[in-house]
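Numbering (the numbering used here), first residue to last: 108 to 364.
This is the structure:
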């Protein structure tokens, strides 16, 4: 089962693939990967699956502590960057796999840890990918979900509209409650749920997706308007060292059987 917006995802992330490894981008920043690693706490002998892995940044961080890591993504260009990074870093226990979160090509109860990081906001519906992640999780295993948390109502719609202007593969952010509900629906106990503000430089954020200049100007104007006391966007922008910033809210949820 291919995702409905597969072409939009591949077009967007084919463009972003090389930039994902930049130290300016939060996806691959060491401090955030270290935080994720500490929360997951992988053990020797465990098999890990990363779903919608992108350049395998999280999988590469987990690899030294696990028996095996499988990184699945729908965009070949992203996995190729991850494969090259593994070669540079001497990682030999990571396997990239092209595939879809909606139909994982693995047997039931195959992995001790299943993780998806910053991907669910690209899914048109989130129930099927989560069901698949739960299906391949071993009894006693941990399912880890990290994604951007939605703005409070009534700002969710405008926040998603700006996100989609910047990246057409964006579908919508979900609340922590919506994401937690997936665990209960699939018979998993939530052991940890926390939200962390992550500072994002507006210009770097738009550069990652190579947002066209007219659209950049439109988004920047919306942020500047809010900063001046105008209509709210859900981003709550602020100035930092003369640059426009906003905080993404990353929610991390860990559940087990």
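Using N, Cα and C, we set each Cβ at its ideal position, and we do this for glycine too.
In this text the structure is predicted, and so the values were computed from the model without any measurement.
Considering Cα atoms alone, identify which of 325, 289, 288, 286 is closest to residue 271. 325
Write down the C-beta distance between residue 156 and residue 221 rounded to the nearest angstrom, noting that I regard them as a contact closer than 8 Å. 5 Å
Stretch pair the stretch 335-353 + the stretch 289-303: three plus CB contacts closer than 8 Å: no
In the DSSP assignment, what are the bridge partners of residue 180? 205
The stretch 184-196 / the stretch 252-264 touching (three or more Cβ pairs under 8 Å): no
In whole angstroms, give me the CA-to-CA distance for residue 288 and residue 167. 29 Å
Evaluate residue 135 with the Cβ neighbour count: other Cβ atoms within 10 Å of its Cβ, from every protein chain shown; 16 or more gives buried, anything less gives exposed. buried
Using three-state DSSP, classify residue 213 as helix, strand or coil. coil
Does residue 233 come out as helix, strand or coil in the three-state DSSP assignment? coil
Using the three-state DSSP reduction, which class does residue 256 fall into: helix, strand or coil? strand
Residue 213 vs residue 243 beta-carbon contact at 8 Å: yes
Would you decide whether residue 302 is buried or exposed? Buried here means 16 or more other CB atoms lie within 10 Å of its CB. exposed
Between which two residues does the alpha helix (DSSP H) holding residue 88 run? No statement about residue 88 is possible, as the shown extent of the chain runs from 108 to 364 and does not include it.
Residues that residue 157 bridges to, as DSSP identifies them: 178, 222
Helix or strand or just coil, what does DSSP make of residue 328? helix
Alpha-carbon to alpha-carbon, residue 268 and residue 313: 14 Å
Need the endpoints of the alpha helix (DSSP H) that residue 364 sits in, please. Run containing residue 364: none; DSSP gives neither H nor E here.
Note the first and the last residue of the continuous alpha helix (DSSP H) segment covering residue 269. 263-273
So who's on the other strand from residue 346, going by DSSP bridges? 351
Burial state of residue 137 (16 or more Cβ within 10 Å): exposed
When burial is assigned at 16 or more other CB atoms within 10 Å of the CB, is residue 147 buried or exposed? buried
For the stretch 290-319, list the beta strand (DSSP E) runs that are entirely contained and at least 3 residues long, ordered along the chain. 296-308
Per-residue burial, residue 173 [other beta carbons within 10 Å of its own, 16 or more giving buried]: buried
Determine whether the beta carbon atoms of residue 266 and residue 342 lie at a separation below 8 Å. yes
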